[in-house]
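Engineer:
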Amino acid sequence: MTKFQDGKTVFCGKYHETANYDIANERIAVRADGKGGLTSYRVANATGELLSPALSLDLAVNGKRLSPYLSKTVKMVGRMQEVVLQTDAGELSVTTFLDKTTNGVFFLLKGEGLDIDVCFNCRAAKSVSQSGAFVQGENFCLSSSAAGDWVKENDCFYAAAKGEVKLLFSLNASVEEHLAAFQTFDDRFARCKAEVAEVVFPASVQTEEQKALYLAAYFTALENHKTIGEFNAFAAGINYLDPVRTYYRDSYFTVLPLLSSRPELVKAQILTLAKG
-17 MTKFQDGKTV FCGKYHETAN YDIANERIAV RADGKGGLTS YRVANATGEL
33 LSPALSLDLA VNGKRLSPYL SKTVKMVGRM QEVVLQTDAG ELSVTTFLDK
83 TTNGVFFLLK GEGLDIDVCF NCRAAKSVSQ SGAFVQGENF CLSSSAAGDW
133 VKENDCFYAA AKGEVKLLFS LNASVEEHLA AFQTFDDRFA RCKAEVAEVV
183 FPASVQTEEQ KALYLAAYFT ALENHKTIGE FNAFAAGINY LDPVRTYYRD
233 SYFTVLPLLS SRPELVKAQI LTLAKG
C-alpha cells in the first residue's frame, strides 16, 4: 500500500517486498530497494552499471535474524529512503541517503537499545580479507562506525554494535574523498534533511499527495543536475550518464519545478543547450 504523509511517499508492506527509489547527486545515481540495499550504482561519465549483482544488508537484532515477513514502512523523499522495521525487540530503521557531491552512499541503522548485527553483502566489491572500521578493495571503499571483518570468500563485511551503525560505501572513488565524507557523516545527514525542509511549496499545493508529488518533481530535476567539466546542466535522466548529456526535448519538463527556486540552474541549462 502506498500513501502520502509529510511530503513523503510512503510504502507499507512486508520486509521482503521491494520498494525501489532512485536517488542521485552531482556524481552518482543509485537505486535503493526498500530493504536497506541497492540494485544500481552508476557514476557520471563512467562506463555502465558498477553494482552487479545487487548490494544487500542482512540484519539481525539481539542475535535473531530478521524475518522476511516483518511489517515495514518505507519513507521516500529527497535524496533519502528510510525503512522502518517492526521487530520483536523494538523498532529498527535503515536510512539510505546521498549528499550533494560525494561519490558514496551513506547508510544509518538505528534501534534504541538494540544489539544490531549487520552483514554488508556486495559481490561487486572485490577485496582481500581485512579487519577494522575501514576496508579498501580493488574498486571500492567501505567505512563503518563499528569495526568488523571483510571476508573475501563471501564478499561480505560483518559488524555489530549497540543502538546504531553508520556506513559509507563508495565505488570507484578516491580514498581521500571517501574518508573526508565519512568523518562528517552527521553533518551530511543533517544537510540532506534540511534540503527537503527548505523547499517552499506553491500556494496551489495543499494536500499531502500534492506535496509529495511536488517534492518528487522538484528533486527529480535537482538530482539530475550535473556540473562536470564544461557540462553544467540537467542530465536527461538516470540512464544518460555515460557520457552525461541533456536534450532540448527533456529540458522543458525537467527545469519547470526549479524555475522559481533555482533560476541559476535553469540559466546554466539554457546556456549549455545553446552551445549545442
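Using our numbering, the first residue of the sequence shown is number -17, and each one after it goes up by one. We put the beta carbon where it would ideally sit given N, CA and C, even for glycine. Note that the structure is predicted; figures quoted are calculated from it, not measured.
From Thr254 to Ala217, what does the alpha carbon distance come to, in whole angstroms?
Structural biologist: Straight-line Cα distance between these residues: approximately 11 Å.
Engineer: As a quick exercise: from Ser127, Asn27 and Gln165, pick the residue whose alpha carbon is nearest that of Val226.
Structural biologist: When each option's Cα is compared against that of Val226, the closest is Asn27.
Engineer: Can you check DSSP and say which residues form a bridge with Met(-17)?
Structural biologist: DSSP output for Met(-17) lists no bridge partner at all.
Engineer: State the start and end residues of the unbroken beta strand (DSSP E) segment that holds Leu153.
Structural biologist: Start and end: Cys138 to Leu153.
Engineer: Using the rule of at least 16 other Cβ atoms within 10 Å of the residue's Cβ for burial, across every protein chain shown, is Met58 buried or exposed?
Structural biologist: Buried, because 16 or more other Cβ atoms sit within 10 Å of the Cβ of Met58.
Engineer: Out of Asp99, Thr69, Cys123 and Ala129, point me to the one whose CA is closest to Val157's CA.
Structural biologist: Comparing Cα-Cα distances from Val157 to each of Asp99, Thr69, Cys123 and Ala129, the minimum goes to Cys123.
Engineer: In the DSSP assignment, find the unbroken alpha helix (DSSP H) run with Ile252 in it and report its ends.
Structural biologist: From DSSP, the alpha helix (DSSP H) with Ile252 extends over Pro245 to Ala256.
Engineer: I need the straight-line Cα distance from Lys54 to Thr77, nearest angstrom please.
Structural biologist: Their backbone Cα atoms lie some 13 Å apart in a straight line.
Engineer: Could you give the C-beta distance for Val56 and Val65, rounded to a whole number, given that I count them as a contact under 8 Å?
Structural biologist: Confirmed, Cβ separation roughly 5 Å.
Engineer: Pull up the distance between the alpha-carbon of Tyr200 and that of Lys148, whole angstroms please.
Structural biologist: The straight-line gap from Cα to Cα measures roughly 28 Å.
Engineer: Determine the closest residue to Asn85 out of Leu161, Tyr(-3) and Val178, with distance taken between C-alpha atoms.
Structural biologist: Among Leu161, Tyr(-3) and Val178, the Cα nearest to that of Asn85 is on Leu161.
Engineer: So, is Arg47 buried or exposed, given that buried needs 16 or more other C-beta atoms within 10 angstroms?
Structural biologist: Arg47 is exposed by the Cβ-count criterion.
Engineer: Using the Cα positions of Ala172 and Leu20, report the straight-line distance between them to the nearest angstrom.
Structural biologist: C-alpha separation (whole angstroms): 22 Å.
Engineer: Considering only DSSP beta bridges, list what Tyr3 is partnered with.
Structural biologist: Note: Tyr3 sits in a beta bridge opposite Ala14.
Engineer: By the DSSP assignment, the beta strand (DSSP E) with Tyr23 in it spans what residues?
Structural biologist: Unbroken beta strand (DSSP E) run through Tyr23: Leu20 to Val25.
Engineer: If you scan the region 36 to 92 from start to end, which runs of the beta strand (DSSP E) of 3 or more residues do you find wholly inside it?
Structural biologist: Within the region 36 to 92, the complete beta strand (DSSP E) runs of at least 3 residues are 37 to 43, 53 to 59, 62 to 69 and 72 to 79.
Engineer: Reducing DSSP to helix, strand and coil, say where Glu212 ends up.
Structural biologist: Three-state result, Glu212: coil.
Engineer: Kindly identify the DSSP beta-bridge partner or partners of Asn206.
Structural biologist: Asn206 is not bridged to any residue.
Engineer: Determine the contact status of Tyr(-3) and Pro50, defining contact as a CB-CB distance below 8 Å.
Structural biologist: Yes.
Engineer: Where does Leu32 fall in DSSP's three states?
Structural biologist: Of the three classes helix, strand and coil, the one that applies to Leu32 here is coil, per DSSP.
Engineer: What's the C-alpha gap between Gly45 and Thr69?
Structural biologist: So the two alpha carbons sit approximately 12 Å from each other.
Engineer: With distance defined between alpha-carbon atoms, name the residue in Glu8, Lys144, Cys174 and Asn121 nearest to Leu247.
Structural biologist: Answer by Cα proximity: Glu8.
Engineer: Near Ala115, what residues of its chain come up, given a Cβ to Cβ distance below 6 Å and the 5 sequence neighbours on each side ignored?
Structural biologist: Once the five neighbours on either side are set aside, the close Cβ partners of Ala115 are Ser126 and Ala129.
Engineer: Starting from Ala179, trace the alpha helix (DSSP H) in both directions and tell me its first and last residue.
Structural biologist: Taken as a continuous stretch (DSSP letters only), the alpha helix (DSSP H) holding Ala179 covers Phe167 to Ala179.
Engineer: Quick one: what's got a C-beta closer than 7 Å to Asn121's C-beta in the same chain, skipping five residues either side?
Structural biologist: So the qualifying residues of the chain are Ala107, Lys108, Leu153 and Asn154.
Engineer: Using alpha carbons as the reference points, say which of Arg105, Gly60 and Gln118 lies closest to Glu180.
Structural biologist: With distances taken between Cα atoms, Glu180 lies closest to Gly60.
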